[in-house]
Every structure is written in structure tokens, then in C-alpha cells.
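I have placed the structure first, in the form of C-alpha cells, so that the comments after it can refer back to it.
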Amino acid sequence: MWHLGRLCAFDLETTGVDVEADRIVTAAALALGGGEDGEGHEWLADPGIDIPAEATTVHGITTERARADGGPAETVVDQVAGFLAVQVRDAVPVVGHNVPYDLTLLDRECRRYELPTLCDRIGETPLYVIDTRVLDTHALPYRRRPSKGQGARQLITLAQVYGLSWDEGAAHGCAYDALVAARVAYRIGQLAHMPRADWPEAIQTARRPRFHELGGLDLAELHSAQITWAADQAAGLEEHFRKTDPGAVVDRSWPLRPWVETITEGALA
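Adding 2 to a residue's 1-based position in the sequence shown gives its number in our numbering.
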């Protein structure tokens with residue numbers, strides 16, 4: 003069962019939301035589960051640029067703190083990619099929430115500093131990913147926003163849906179968010195492999211749950227399924243956006259946006 007093996011929970015906090023141009027501020031990679039002791043690593047980087055106030059509001063790291071306490075960005079990026087590569091080569095899947103953001107930004111950071119990317123480092127070893135946003139959207143496709151200020155697929159919402167604790171003071175720290183994503187993945191895996199009669203009432207009464215489609219898959223099969231599900235979800239989101247913006251485009255790639263040198267090389271300056 004894919005949720006019972008070793009997992010590598012991964013999350014970044016950054017200078018912004020543009021994967022082609024923004025920088026890593028903090029990173030966490032936590033190897034856990036599978037009957038082995040946990041191994042966790044956290045990094046604070048000096049991104050080499052000012053951290054916008056909007057980003058500091060989210061993760062709490064100021065430019066001054068990053069410059070005083072952060073490691074050189076190139077060193078941090080190399081260490082993060084190196085740790086993930088070790089896990090992937092050991093057949094450990096990378097787990098996170100909205101993983102394409104984190105993996106793509108890490109890829110661009112490696113290219114910025116002319117370091118081997120994660121894909122370079124693992125060679126022919128398959129990269130398996132478990133994305134809680136994709137799994138949750140597929141398993142429970144019909145969910146309204148809990149409130150005007152809280153999205154239906156935010157990590158806090160998933161914690162609430164799957165009966166997990168949530169510490170708002172620790173949230174948006176990359177280690178905490180990575181750990182919660184791993185717990186959500188584990189809970190989804192449990193539900194996928196148990197009889198429907200044993201589900202919590204809130205899950206049983208949800209509209210058209212599809213947890214059974216996640217059960218009985220190995221990691222390769224789950225990864226392949228997520229490629230399809232993520233593309234379908236992006237297409238649906240694009241259709242929704244086009245009701246108000248006819249030119250809206252939602253990227254369908256998963257779990258990593260392809261590198262297009264002619265478009266993105268200027269962002270790496």
C-alpha cells in the first residue's frame with residue numbers, strides 16, 4: 003500500500019509565487035514512515051534579493067533575518083536537491099501539497115546557479131510524487147469553500163476535512179506544512195484501503211467520493227494516475243476561469259513544469 007512506505011515530505015517558502023523568477027527562502031525535506039526513524043532537514047537561505055513584504059507576511063522571514071542567518075543560496079539549493087535525490091534513488095516518493103510549485107521552483111534555482119537539477123541527479127531513477135492537492139481533488143471533487151477567506155483545497159482545509167490538528171502559529175513554516183501534507187497523504191491512503199462503512203461520517207456523506215480509485219495501486223501506478231488527474235483538474239479550472247477571462251490558461255503539466263529555455267532563461271538572472 004503506497005501510504006505505508008517511506009515518504010519524503012517536501013515544502014518551500016519563497017520570495018513570491020512565480021516559479022520562473024522567485025527564490026527559495028526556507029526549505030524542508032522530512033524522510034519519515036516506513037517503519038524507520040525519521041530524518042528531517044530544514045534550511046534558511048539568503049535568497050540574494052529583497053523578500054517582499056507580502057511574502058514575509060506569509061512565512062515570517064524578513065530580508066534582514068535571511069541575510070543575517072541564512073546560508074548562501076547556492077549552497078542551500080544544492081543541499082536541498084541533493085537530499086531529495088538521495089531519497090528518490092532509494093525509491094522514496096516526494097510528498098507535498100501542490101508539488102509542481104515546489105519542484106519547479108527548485109529546478110529553476112538549480113539552473114540559476116548552474117547546479118545539477120534533481121532530474122540530473124537521479125538519472126534514470128523514476129521520480130515518484132504524491133500530491134495531496136491532486137489526490138484530494140480527485141477523491142472528493144465536490145467541495146465548497148469553507149469561508150470567503152479559506153479555499154476549498156488549501157492545506158488547512160484538507161487538515162480539517164481529514165480530521166487532523168492544525169496549528170495556525172506553525173502554519174506556513176515549511177517543516178510544518180510538509181509534515182501536514184504527509185499526514186494528509188497517509189489519511190487519504192487509509193481511506194482508500196478501508197471499507198466505506200468504516201469511513202468517518204463526514205467522508206461517507208460527501209458527494210460522490212472516489213477514494214476507491216486510489217486503492218490497490220503501487221507508486222508507479224499512483225504517479226501515472228496523478229498525471230492524468232492533474233491535467234483534467236487543470237482543464238476544469240481553466241474552463242471556470244474562462245467564464246470571466248476568455249484568455250485564461252492553466253498549466254496542465256505535473257509534477258514539474260518543463261524547462262523552456264527561450265522563455266525562462268531571462269528570469270534566472
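The C-beta atom is built at its ideal place from N, Cα and C for all residues, glycine as well. A quick note: this is a predicted structure, and the numbers were derived from the prediction, not measured.
In the DSSP assignment, the beta strand (DSSP E) including residue i goes from what residue to what residue?
i	result
Ile2	This structure cannot settle anything about residue 2, because the visible part of the chain is limited to 3 through 271.
Thr16	Arg8 to Thr16
Asp133	Val131 to Asp133
Return the residue from the list the options that minimises the CA-CA distance to residue i.
i	options	result
Ile190	His61, Tyr178, Ala236 and Thr139	Thr139
Ala23	Leu142, Pro143, Tyr103 and Ala29	Tyr103
Tyr178	Gly125, Ala31 and Thr159	Ala31
Arg145	Gln162, His195, Ala70 and Ala184	Gln162
Thr28	Glu41, Gly40 and Val82	Val82
Ala172	Gln152, Asp20 and Gly62	Gly62
Ile26	Thr77, His5 and Val182	Thr77
Met3	Glu241, Gln235, Ala250 and Gly218	Gly218
Val60	Val19, Ala154 and His225	Val19
Leu224	Arg254, Lys150, Pro128 and Ala250	Pro128
Val79	Trp231, Val101, Pro118 and Ala55	Pro118
Leu270	Glu111, Gly40 and Thr65	Glu111
Which same chain residues, not among the five before or five after residue i, have their C-beta less than 7 angstroms away from its C-beta?
i	result
Arg8	Ala33, Gly35, Gly36, Glu38 and Val94
Gly72	Leu46, Ala47 and Asp48
Ala208	Leu142
Less than 8 angstroms between the beta carbons of residue i and residue j, yes or no?
i	j	result
Val96	Leu108	no
Leu157	His214	no
Arg198	Gln192	no
Gln1	Asp133	Here the chain comprises residues numbered 3 to 271, so residue 1 is not present and cannot be evaluated.
Val186	Leu166	yes
Just curious, the alpha helix (DSSP H) that residue i is in, first and last residue?
i	result
Ala23	Here Ala23 belongs to no alpha helix (DSSP H), and DSSP marks it neither H nor E.
Glu203	Glu203 to Gln206
Thr159	Leu157 to Val163
Tyr178	Cys176 to Ala194
Using beta carbons (cut-off 8 angstroms, strictly below), is residue i in contact with chain C?
i	result
His225	Looking at the structure shown, chain C is missing, and only one protein chain is on hand.
Leaving aside the five residues before and after residue i along the sequence, list all residues of the same chain whose C-beta is less than 8 angstroms from its C-beta, in chain order.
i	result
Gly42	Ala30, Ala31, Leu32, Ala33, Leu34 and Ala177
Pro148	Ala154, Thr159 and Gln162
Suppose the cutoff is 6 angstroms on Cβ atoms and the five residues either side in sequence are ignored; what does the same chain contact list for residue i look like?
i	result
Tyr188	His5
Tyr130	Pro95, Leu221 and His225
query = In chain order, which continuous runs of the alpha helix (DSSP H) of length 4 or greater are located wholly inside the region 31-64?
reply = 55-61
ask   = What are the start and end residues of each continuous beta strand (DSSP E) run of 3 or more residues lying completely inside the region 66-116, in chain order?
value = 96-98
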